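Under our numbering, the first residue of the sequence shown carries the number 11, and numbering increases by one thereafter. One structure is given here, and the rest of the page talks about it.
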Amino acid sequence: MRTPVEQAPMGDTLPDLHVTHTRVAPVFVLAPARSGTSLLGALLRKYLQISFGTESQFIVRVARRVGRYGDLRHDAHLARLVADVGRERCFTRWEKRFGFRVDREAVMQSLGTRTLAGVIDAYFQQLARHQGMVRWGDKTPEYVWNLGVLERLFPDAQYVHIIRDGRDVALSGFEQHFGAGNAYTAARRWRAAVSRIREFGAACPADRYTELRYEDLLADPARELLQLASFVGVTDGDGVLARRIRDAVRDDVRAANSGKWKHGMAARDQRVFAGEAGEWLERCGYDVPARRVVIGPAERAYYEVDALARRVARPSYWRDTAYRASLRAAPAVRWLRRGLVGSRSQASGPVSGRGAPVTR
């Protein structure tokens, strides 16, 4: 069952609210999965009018192989990239979630630059226009491991790091195929993600990286959202935005949706998590029990195998694996098809031998 952190109980937009953006670069919400990225994305879309779809999930993967498309100054190469990006499943999810279908031809016509970043921007701008917005964002947790790719593609992007108590992150993710499966692997993954994001953020200019805690967002959503408005460059000269946020945003969050680990996580799991990630919990402002369990090599190996076994036992894991495999195989399949078509064309043309023209 999906927990409330991933479900924003609100309307998608406020059509009668008009905001002014002083910046137009993308906004990336950074966090390990189950940290409140969907809630934050929904709030940014509703009140600050930054367009967020479902997780894109493809940017880093396509960036790694964009060289295969050749020189994008050639229309055929660029069209192939545009077509391949347009086949990503996030766009099918956009259609189901927002009633919006991307237009590949329009992407070709509206490109700002003939680059992968230009293609991504053109697709995301389509959804933004559909939602009546001029700026877009994304909230894919797996990008945490490849932040340099985002930075190279979008050097003016802004980043919002939402930090949630790692024990609640673990508890929320235990039943998901992408979750860690047990307290030890959850602690390692949460610690690694948060530390990596903070290291990245430390190298960013102050006007391009900011942090907030999920628990603070639940406790005082108006304050946190107004601070984010200032960060992303939304102006509110007449105070209308602040009034709308203060009047309505508390109904869009579940204030009690935190600290669930205290009664939902076994006592030993709490100590195991603290033993592996207690220092980072404290750095992020969370209380950590004095008793911690530091496990040895044999138990660490057991936890790793246990996490893998739990992950592969879920049907959703295999559906996701099959999808990724189909993406990897797609270029080879298209190459084979082109080869077959070419072979058939040659076979149907003139051949030497009986019935063939004679050249003297």
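For glycine and all other residues, C-beta sits at the position ideal for the given N, C-alpha and C. What you are looking at is a predicted structure, and each value in this text was computed from that prediction instead of being measured.
The beta carbon of residue 72 sits closer than 7 Å to those of 95, 126, all from its chain and outside the five residues before and after it, given in chain order. With 16 or more other Cβ atoms from the protein chains shown falling within 10 Å of its own Cβ, residue 174 counts as buried.
Per DSSP, reduced to three states, the secondary structure at residue 245 is strand. With a cut-off of 8 Å on Cβ pairs, the segment 208-221 is in contact with the segment 166-180, counting three or more such pairs.
In the DSSP annotation of this structure, the continuous segment of the beta strand (DSSP E) that includes residue 148 starts and ends at 145-148.
In the three-state reduction of the DSSP assignment, residue 220 falls in the strand class, which pools E and B. Cβ-Cβ separation between residue 176 and residue 197: approximately 6 Å, consistent with a contact (criterion under 8 Å). Taking 7 Å as the cut-off, the beta carbon of residue 59 is found no closer than this to the beta carbon of residue 92.
With distances taken between CA atoms, residue 214 lies nearest to 158 out of 158, 248, 192, 234.
DSSP places residue 296 outside both helix and strand once states are collapsed to three, so it counts as coil. In chain order, 112 place their CB closer than 7 Å to the CB of residue 101, counting only its own chain and leaving out the 5 sequence neighbours on each side. 7 Å or more divides the Cβ of residue 107 from the Cβ of residue 47. CA-CA distance, residue 283 to residue 121, rounds to 47 Å. Between residue 200 and residue 287, the C-beta gap is smaller than 7 Å, which places the two residues in contact. Taking 7 Å as the cut-off, the beta carbon of residue 243 is found no closer than this to the beta carbon of residue 99. For the 7 Å CB-CB criterion, residue 124 and residue 83 form a contact. Exclusion of the five residues before and after residue 132 leaves 117, 120, 121 as the residues of its chain whose Cβ lies within less than 6 Å of its Cβ. For the 7 Å CB-CB criterion, residue 150 and residue 66 form a contact.
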